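One structure below.
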Amino acid sequence: MALPTLRIIGFILGIFLITLAVSMTLPMLTLLIFERTDDISAFLWSSLITIAAGLALISSGRPVDAQLRPRDMYMLTTASWLVVCVFAALPMMLIRHISYTDAFFETMSGITTTGSTVLTGLDSTSPGLLIWRSLLQWLGGIGFIGMAVAILPLLRVGGMRLFQTESSDWGDKVMPRSHVAAKYIVAVFVGLTLLGTLAFWLSGMSWFDAINHAMTAISTGGYSTSDSSMAHFGAATHWVAVVLMLLGGLPFTLYVATLRGHRTALLRDEQVLGFFAVLAVTCLLVSLWLWLHSSFSFADAVRTTIFNVVSIITTTGFALGDYSQWGDFAVMVFFYLTFVGACSGSTSGGLKIFRFQVAYTLLRSGLKQLVHPRAVFKQKYNGHNLDEDIVRSILTFSFFFTITIALIALLLALIGLDWTTALTAAATAVCNVGPGLGPVIGPAGNFASLPDAAKWLLTIGMLLGRLEILTVLVLVTPAFWRH
Numbered sequence: 009m010a011l012p013t014l015r016i017i018g019f020i021l022g023i024f025l026i027t028l029a030v031s032m033t034l035p036m037l038t039l040l041i042f043e044r045t046d047d048i049s050a051f052l053w054s055s056l057i058t059i060a061a062g063l064a065l066i067s068s069g070r071p072v073d074a075q076l077r078p079r080d081m082y083m084l085t086t087a088s089w090l091v092v093c094v095f096a097a098l099p100m101m102l103i104r105h106i107s108y109t110d111a112f113f114e115t116m117s118g119i120t121t122t123g124s125t126v127l128t129g130l131d132s133t134s135p136g137l138l139i140w141r142s143l144l145q146w147l148g149g150i151g152f153i154g155m156a157v158a159i160l161p162l163l164r165v166g167g168m169r170l171f172q173t174e175s176s177d178w179g180d181k182v183m184p185r186s187h188v189a190a191k192y193i194v195a196v197f198v199g200l201t202l203l204g205t206l207a208f209w210l211s212g213m214s215w216f217d218a219i220n221h222a223m224t225a226i227s228t229g230g231y232s233t234s235d236s237s238m239a240h241f242g243a244a245t246h247w248v249a250v251v252l253m254l255l256g257g258l259p260f261t262l263y264v265a266t267l268r269g270h271r272t273a274l275l276r277d278e279q280v281l282g283f284f285a286v287l288a289v290t291c292l293l294v295s296l297w298l299w300l301h302s303s304f305s306f307a308d309a310v311r312t313t314i315f316n317v318v319s320i321i322t323t324t325g326f327a328l329g330d331y332s333q334w335g336d337f338a339v340m341v342f343f344y345l346t347f348v349g350a351c352s353g354s355t356s357g358g359l360k361i362f363r364f365q366v367a368y369t370l371l372r373s374g375l376k377q378l379v380h381p382r383a384v385f386k387q388k389y390n391g392h393n394l395d396e397d398i399v400r401s402i403l404t405f406s407f408f409f410t411i412t413i414a415l416i417a418l419l420l421a422l423i424g425l426d427w428t429t430a431l432t433a434a435a436t437a438v439c440n441v442g443p444g445l446g447p448v449i450g451p452a453g454n455f456a457s458l459p460d461a462a463k464w465l466l467t468i469g470m471l472l473g474r475l476e477i478l479t480v481l482v483l484v485t486p487a488f489w490r491h
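According to the numbering used here, the residues represented by the sequence shown are 9 to 491, in order.
Written out as structure tokens, the structure reads:
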């Protein structure tokens, strides 16, 4: 990679680090409000170290003759997530006096909006650290939306080019410049966060809890201010969380299109309709199962089921009771939901609904071809032709997505984890869900007791899942580094 290219990547990373350092003022202000000044020094030193690193990277200036090519974006995307996590972990290590392994795991889980945690005693944890965890998920959520809308279609990763034409159509007809589109997406994200904060407060939360949960719900991250997660709060807050998680799981470009005059953009999108169809069927089946096989009333069974199903399918990871105790059928359903994810262009992880819909379209076309061998069938999705490049990209992504989970699970088992913990930990990390299954990392547990080697493996899995696998894997190929 040429020196000017490395310089411009370093310059951009420096800007990210300076932004991260400035963001640390929010937990410092929070600590002043709560009169917990003993923890301010941790954020102050972390901020100074981070801003010093950022200034060092931008000190040589932005190269005027260098431009980032699409292949350079692979390096920038992966490096930005890693570098930010390296420095964002400092406050956690300094305040909780945990190892850097645990601090980096918690930070990567936050910035990738996974929601797996190694921390306990959250109810009495420093308010500055709690708001910092939530802020990391909020920043990671909006960062992933920007990447999914602007970068992944450009890099042709995982079939995301399906949405490139759609985005350019809006760019021509609705938003003349891409930076205007980015401003609208940020405005929508901030607006939903503010509305979510108000709704949580009106439903019974304190202002502090409302702000934290609004940030982690709309980013589908799942960090909470209590060890009991959302079970610590009343039923009204559960419904507010459901609405926010659903809003976070929908394509943000469609919100922008709706605000700019395309009133039926959300209602006519095949991916959105498919997402709600899957939700409706799953919630109905699991609600009936829980009602018939437990002491829950029908109303409580419906509320608890809807909350947990929405939490898992949007890869948020909020917990409301231990659904692993609901019986084998419910546990299997939740395990399957771990892989699904919500919509592309949202803050959620997983495979995404559109890939399942494309697979069904291909299956249906293949079956017709068997009946009518000489006929020519056009394969379309959401009004777009499914050309060979898109199909190949989706198949490649899906294959490596599965292989990644299988390989990480195998390595976790080699370290000494039981098969349930190993498999579900790998799946929840790559799919960015949060809780796994079993007594160790299930909804009632956490990841603190896992060996350090397992935590680093899961950290890699979180990064791979958030950046759609291929964006990271391409960096380890010899062809990428050839001039």
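Beta carbons are placed, not taken as given, at the ideal position from N, Cα and C, and that holds for glycine.
Bear in mind that the values here come from a model prediction, so they are computed numbers and not experimental data.
Per DSSP, cross-strand counterpart(s) of residue i
i: lysine 388; result: Asn393
Three-state secondary structure assigned by DSSP to residue i
i: alanine 456; result: coil
i: tyrosine 231; result: coil
i: phenylalanine 197; result: helix
i: cysteine 291; result: helix
i: phenylalanine 304; result: coil
i: threonine 173; result: Below a pLDDT of 50, predicted positions are generally treated as unreliable, and threonine 173, at 41, falls in that range; the measurement from the model is reported next regardless. Helix.
i: glutamate 43; result: coil
i: leucine 56; result: helix
i: glutamine 333; result: helix
i: glutamate 476; result: coil
i: arginine 1; result: What is shown of the chain runs 9 to 491, which leaves residue 1 out entirely.
i: valine 280; result: helix
i: valine 286; result: helix
i: arginine 185; result: With a pLDDT of 49 at arginine 185, under the threshold of 50, the predicted position of this residue should be treated as unreliable, and no value is reported.
i: leucine 481; result: helix
i: histidine 240; result: helix
i: alanine 461; result: helix
i: leucine 127; result: coil
i: arginine 311; result: helix
i: serine 319; result: helix
i: tryptophan 178; result: In this predicted model, tryptophan 178 has a pLDDT of only 42, less than 50, meaning its place in the structure is not dependable enough to derive any value.
i: threonine 324; result: coil
i: glycine 69; result: coil
Proximity to residue i [Cα-Cα], best of the options
i: alanine 222; options: Ala239, Thr245, Val94; result: Thr245
i: valine 198; options: Ile219, Thr410, Phe408, Phe343; result: Ile219
i: glycine 446; options: Leu418, Ala417, Ala462, Thr428; result: Thr428
i: leucine 14; options: Ile66, Trp299, Leu98; result: Ile66
i: glycine 167; options: Trp89, Ala487, Glu476, Arg490; result: Glu476
i: asparagine 440; options: Thr467, Ala414, Leu458, Ala417; result: Thr467
i: glycine 18; options: Tyr344, Glu114, Val92; result: Val92
i: valine 72; options: Lys388, Ile59, Pro12, Met213; result: Pro12
i: isoleucine 226; options: Ile398, Ala207, Thr410, Ala239; result: Ala207
i: leucine 419; options: Ala452, Gly62, Ala434; result: Ala434
i: valine 30; options: Ser55, Thr122, Trp489; result: Ser55
i: glycine 282; options: Glu396, Tyr389, Pro459; result: Tyr389
i: threonine 58; options: Arg77, Phe152, Ala461, Leu28; result: Leu28
i: methionine 340; options: Leu425, Thr205, Gly444; result: Gly444
i: threonine 122; options: Arg141, Ser134, Thr133, Ser107; result: Arg141
i: methionine 155; options: His392, Ile411, Ala285, Pro78; result: Pro78
i: alanine 327; options: Thr412, Leu478, Gly442; result: Gly442
CB-CB length for residue i against residue j, believed under 8 Å
i: serine 373; j: phenylalanine 385; result: 5 Å
i: methionine 36; j: phenylalanine 51; result: 5 Å
i: glycine 230; j: threonine 313; result: About 18 Å; that fails the 8 Å criterion.
i: leucine 147; j: methionine 81; result: Not a contact, Cβ separation roughly 19 Å.
i: threonine 518; j: leucine 483; result: Because the chain here runs from 9 to 491, residue 518 falls outside it and cannot be looked at.
i: leucine 7; j: methionine 116; result: Missing from the structure shown is residue 7; the chain here goes from 9 to 491 and no further.
i: aspartate 235; j: leucine 130; result: 5 Å
i: threonine 109; j: threonine 228; result: Threonine 109 to threonine 228, Cβ: 25 Å. No contact.
i: arginine 474; j: phenylalanine 241; result: Arginine 474 to phenylalanine 241, Cβ: 28 Å. No contact.
i: isoleucine 398; j: alanine 462; result: Going by Cβ atoms, the distance from isoleucine 398 to alanine 462 rounds to 36 Å, so no, they are not a contact pair.
Range of the contiguous alpha helix (DSSP H) that encloses residue i
i: leucine 378; result: 361-379
i: tyrosine 344; result: 336-348
i: serine 88; result: 78-96
i: valine 248; result: 243-256
i: histidine 221; result: 215-226
i: glutamine 145; result: 135-154
i: serine 107; result: Neither: serine 107 is in no alpha helix (DSSP H) and is coded neither H nor E.
i: serine 31; result: 11-31
i: isoleucine 449; result: 446-449
i: proline 161; result: 160-163
i: leucine 267; result: 260-267
i: leucine 431; result: 427-438
i: phenylalanine 488; result: 486-489
Within-8 Å CB hit, residue i to chain B
i: proline 12; result: Absent from the structure: chain B. Only one protein chain is present.
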